[in-house]
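The next block holds one structure in the form of structure tokens; read it before the comments.
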Amino acid sequence: MRVSVVIPVHNEASTLSKVLVEVRKLEPYEIIIVDNGSTDGTKEIALQHNCRVIYYRYSLGNDVGRAIGAREAKGEIVLFLDGDIVMKSEELYNFIKGIQQGHEIVLNNLTWSVYLKMRPHYTTVGKYMLNRYLNKKEFVVGSLIAIPHAISREVIEELGWWNLADPALFQAMAMSRGVDISDMASVDVIYTNKVRPVHTGTSPGSPYPKATSRIMGDHLRALQYVIETYGNRGGFSEGNKDREFVGKYKPVLLQKKKAKYSAIIPVSEEKTTIRSVIQEVKKAGVDEIIVVVNGAAVKTIKQVKLENVIVVELEEVLGHNVARAIGAMYATADTCLFVDSDFVIPATNLILFLRAIEDGSDVALNDLQCLLDMFHPADPISMGKYFVNLIAKRPDLWNNSLTAVPHAMHKKVIEKIGYDSLVIPPLAQVKAILEGFSITAVELVDVIKTNRVRPEQHEFVNGRISAFDRIFGDQIEAIAYLLQCTDERGGFTDGDRDRDIIQQLRREEENTNE
Numbered sequence: 001m002r003v004s005v006v007i008p009v010h011n012e013a014s015t016l017s018k019v020l021v022e023v024r025k026l027e028p029y030e031i032i033i034v035d036n037g038s039t040d041g042t043k044e045i046a047l048q049h050n051c052r053v054i055y056y057r058y059s060l061g062n063d064v065g066r067a068i069g070a071r072e073a074k075g076e077i078v079l080f081l082d083g084d085i086v087m088k089s090e091e092l093y094n095f096i097k098g099i100q101q102g103h104e105i106v107l108n109n110l111t112w113s114v115y116l117k118m119r120p121h122y123t124t125v126g127k128y129m130l131n132r133y134l135n136k137k138e139f140v141v142g143s144l145i146a147i148p149h150a151i152s153r154e155v156i157e158e159l160g161w162w163n164l165a166d167p168a169l170f171q172a173m174a175m176s177r178g179v180d181i182s183d184m185a186s187v188d189v190i191y192t193n194k195v196r197p198v199h200t201g202t203s204p205g206s207p208y209p210k211a212t213s214r215i216m217g218d219h220l221r222a223l224q225y226v227i228e229t230y231g232n233r234g235g236f237s238e239g240n241k242d243r244e245f246v247g248k249y250k251p252v253l254l255q256k257k258k259a260k261y262s263a264i265i266p267v268s269e270e271k272t273t274i275r276s277v278i279q280e281v282k283k284a285g286v287d288e289i290i291v292v293v294n295g296a297a298v299k300t301i302k303q304v305k306l307e308n309v310i311v312v313e314l315e316e317v318l319g320h321n322v323a324r325a326i327g328a329m330y331a332t333a334d335t336c337l338f339v340d341s342d343f344v345i346p347a348t349n350l351i352l353f354l355r356a357i358e359d360g361s362d363v364a365l366n367d368l369q370c371l372l373d374m375f376h377p378a379d380p381i382s383m384g385k386y387f388v389n390l391i392a393k394r395p396d397l398w399n400n401s402l403t404a405v406p407h408a409m410h411k412k413v414i415e416k417i418g419y420d421s422l423v424i425p426p427l428a429q430v431k432a433i434l435e436g437f438s439i440t441a442v443e444l445v446d447v448i449k450t451n452r453v454r455p456e457q458h459e460f461v462n463g464r465i466s467a468f469d470r471i472f473g474d475q476i477e478a479i480a481y482l483l484q485c486t487d488e489r490g491g492f493t494d495g496d497r498d499r500d501i502i503q504q505l506r507r508e509e510e511n512t513n514e
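Sequential numbering of the sequence shown, starting at 1, is according to UniProt numbering.
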């Protein structure tokens, strides 16, 4: 099988010769250098090494040169490199070997990087979650955004060379279509990557450097494809949520006087803990406690009524967070506290969330960012929560989310984003962020050790955890809303990619084929 090596370059005179010396050891059929307006002699170095040079007087932007190189490649195997990172030929050969063995794409395996004792970088989170949302968790952070990688010529022709200008999109297309992908090869390109101005300065309208902003946009473009292909939840289940119930439900308000604090507590089968939960909420000074009993046994209902609280009785189990939305409809206070009924949170903790709203926050979250320091890699739910905050341009919120209790909200937030949004916590959070409400992480309340394990939700069934699927679906639904409110890149920069040249080349192909 013939090997074509594609290397996009821009002012790589200091490294290109060393890169090409290693590449020549592979005995490739051709080396294609796509020169993006170099002015330092890069082109001349490529010609000295007998490379085929495709020269543009201006910069094409990230990944466009790679796509153009793929268009010109003749080999059955196309190996993609950069001109600023020198890699040993022995390392590069493993990528070629993978295609020779029958794989169609070979990614650079960077799994080791998620075990580093540090919080994951923004782009690492994006790569990790894209694989998770595509049900390809085995690749961890494997991504076509990272070089080197190899792709069979057949796959490039099937998916379109032009889509390589959007590497995350190409990856999503390949994964969704069942392309045979391997990550059998690994080269460290993290510590050897050349630092450029786009890696440091900020990008307009973004809290991230330009390169990071571009990569965030790349992942959102890929997720736009996932949503278009599999629907607003990316094909993930929403569990047993009765979402229509919220829209049809008309509350009969039981209290005319406005309360100072309202607490909403959903209850199903928590008869051993519910009274203790309510008692701590009372100690926190909450004067309106709304317990939404859905699908609970008579004994549980009796336990609730002993506490002299507002009880909303519903015969059917409504599913996750639906009862939360129903309870919020009954709240008369400006400050609304949300807790669960299966574990007790001390009043001293709950008071902090009430005070946060009184002090001016619109949303007060449980501060669980410590989970990013405790586990390496972080758990996938925390990574997903973090990713949603990142694409909403709130990296300061880390992995803190309305998915976790306790949390508190001002009633104006609920009325603005809609009661039905509370059924999908990440969606409610993204809506609140986009509306400009102030959101703060208040205090760590450990809900990991105390959370009740439910076998039907938390155990593996056919290799999957239903609670993960439901939460991933909620996260994708929030992402879909963000994309709907912005554009297919979530409002992030495209990195000055020259889309016009791609369209021009495609038109030339169409005219040639006619």
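Built from N, CA and C at the ideal position, the CB exists for glycine as well.
The structure displayed is predicted, hence computed values, not measured ones.
In three-state terms, what does DSSP make of Asn232? Looking at Asn232 - three-state DSSP - the assignment turns out to be coil, as it is neither helix nor strand.
Simplified DSSP assignment, three categories, for Ile301: In the structure shown, the three-state DSSP call for Ile301 is helix.
For Ile479 and Ala150, the rounded distance between their alpha carbons: Cα to Cα, the separation comes out at about 30 Å.
Apply the 10 Å Cβ neighbour rule to residue 515 and answer buried if 16 or more other Cβ atoms are within range, or exposed otherwise. This structure does not reach residue 515, given that the chain is present from 1 up to 514, and the question cannot be answered.
Ile448 burial status per 10 Å Cβ neighbour count (16 or more: buried): Label assigned to Ile448: exposed.
Would you list, in sequence order, the uninterrupted alpha helix (DSSP H) runs of no fewer than 4 residues that lie entirely inside the region 160-188? Within the region 160-188, the complete alpha helix (DSSP H) runs of at least 4 residues are 167-176.
Between the Cα of Ile326 and those of Val34, Leu253, Ile45 and Arg24, spot the shortest distance and give me the residue it belongs to. Closest option to Ile326, Cα to Cα, is Leu253.
Based on Cα-Cα distance, which residue from Arg233, Met383, Lys283 and Glu313 lies nearest to Leu352? When only C-alpha atoms are compared, the closest one is Lys283.
Less than 8 Å between the CB atoms is what I'm expecting for Gly490 and Gly217, so what's the real figure, rounded? Between Gly490 and Gly217, the beta carbon gap of about 6 Å places them in contact (Cβ cut-off 8 Å).
For Ala185, count neighbouring C-beta atoms within 10 Å of its own C-beta (all shown protein chains included) and say buried if the count is 16 or more, exposed if not. It counts as buried.
Continuous beta strand (DSSP E) stretch holding Tyr56: start and end: Taken as a continuous stretch (DSSP letters only), the beta strand (DSSP E) holding Tyr56 covers Arg52 to Tyr56.
Report the three-state DSSP secondary structure of Met118 (helix, strand or coil). Correct three-state label for Met118: coil.
Straight-line CA distance for Met379 to Asn135? Correcting the residue identity first, residue 379 is Asp in this sequence and not Met. It is roughly 15 Å from the alpha-carbon of Asp379 to the alpha-carbon of Asn135.
Short Cβ contact (9 Å threshold) for Ile181 with Leu107: In this structure, Leu107 lies closer than 9 Å to Ile181 by Cβ.
Tell me the residue span of the alpha helix (DSSP H) that contains Leu306. Run containing Leu306: none; DSSP gives neither H nor E here.
Residue interval of the beta strand (DSSP E) (run including Glu30): Glu30 -> beta strand (DSSP E) spans Glu30 to Asn36.
Got a sec? Which residues, its chain only, sit under 7 Å from Val140 by beta carbon, not counting five neighbours each side? Non-local C-beta neighbours of Val140 in its own chain, meaning closer than 7 Å and more than five positions away in sequence, comprise Thr111, Val114, Tyr128 and Asn131, ordered along the chain.
Please report the distance separating the alpha-carbon of Pro8 from that of Met1. About 23 Å.
Taking just the CA atoms, how far does Met118 sit from Asp373? Each residue's alpha carbon lies about 7 Å from the other.
For Val312, I'd like the list of residues in its chain whose CB is within less than 6 Å of its CB, leaving aside the five on either flank, ordered along the chain. Taken in chain order, the residues that qualify are Val292.
Could you tell me the boundaries of the alpha helix (DSSP H) in which Ser152 lies? Where Ser152 is concerned, there is no enclosing alpha helix (DSSP H), although the beta strand (DSSP E) around it starts and stops at His149 to Ser152.
Please return the same chain residues whose Cβ sits closer than 8 Å to the Cβ of Cys370, not counting the five positions on each side in sequence. Answer for Cys370: Leu444, listed in chain order.
Just grab the DSSP bridge partners of Leu337 for me. By DSSP's assignment, Leu337 forms a beta bridge with Ala263 and Ala408.
Give every residue of the same chain whose Cβ lies closer than 6 Å to the Cβ of Lys385, excluding the five residues on either side of it in the sequence, and list them in chain order. The residues are Asn399 and Ser401.
State the Cα-Cα distance for the pair Asp496 and Arg507, rounded to the nearest angstrom. Asp496 and Arg507 have their alpha carbons spaced roughly 21 Å apart.
Suppose the cutoff is 6 Å on Cβ atoms and the five residues either side in sequence are ignored; what does the same chain contact list for Asp242 look like? For Asp242, where only same-chain residues beyond five positions count, the Cβ hits under 6 Å are Leu318, Gly319 and Val322.
DSSP three-state label for Leu47, please. Collapsing the DSSP output to three states places Leu47 in a helix.
CA-CA distance, Gln224 and Asp63? Taking the straight line joining both Cα atoms gives about 19 Å.
Taking Leu350 as the reference, which of Gly360, Leu337 and Leu16 has the closest Cα? The residue with the shortest Cα to Cα distance from Leu350 is Leu337.
Does Lys385 get closer than 9 Å to chain C when you measure Cβ to Cβ? Among the chains of the structure shown, chain C does not appear; only one protein chain is present.
I'd like the list of long-range same chain contacts for Pro455, defined as Cβ closer than 7 Å, with 5 residues on each side in sequence excluded. Reliability of the predicted coordinates at Pro455 is poor, the pLDDT of 46 falling under 50, and the value obtained from them is presented with this limitation in mind. Excluding five sequence positions before and after Pro455, none of the CB atoms of its chain fall closer than 7 Å to its own CB.
N- and C-terminal bounds of the beta strand (DSSP E) containing Glu288: Glu288 to Asn294 is the extent of the beta strand (DSSP E) around Glu288.
Cβ shell of His10 (< 7 Å), same chain only, five flanking positions each side left out: Correct list, in chain order: Asn36, Gly37, Ser38 and Ser59.
Beta-ladder partner(s) of Asn366, from DSSP: According to DSSP, Asn366 bridges with Glu443.
For Val34 and Asp396, I'd like the C-alpha separation in whole angstroms. Each residue's alpha carbon lies about 39 Å from the other.
From the DSSP output, in three-state form, read off Phe80 for me. Residue state, collapsed to three classes: strand.
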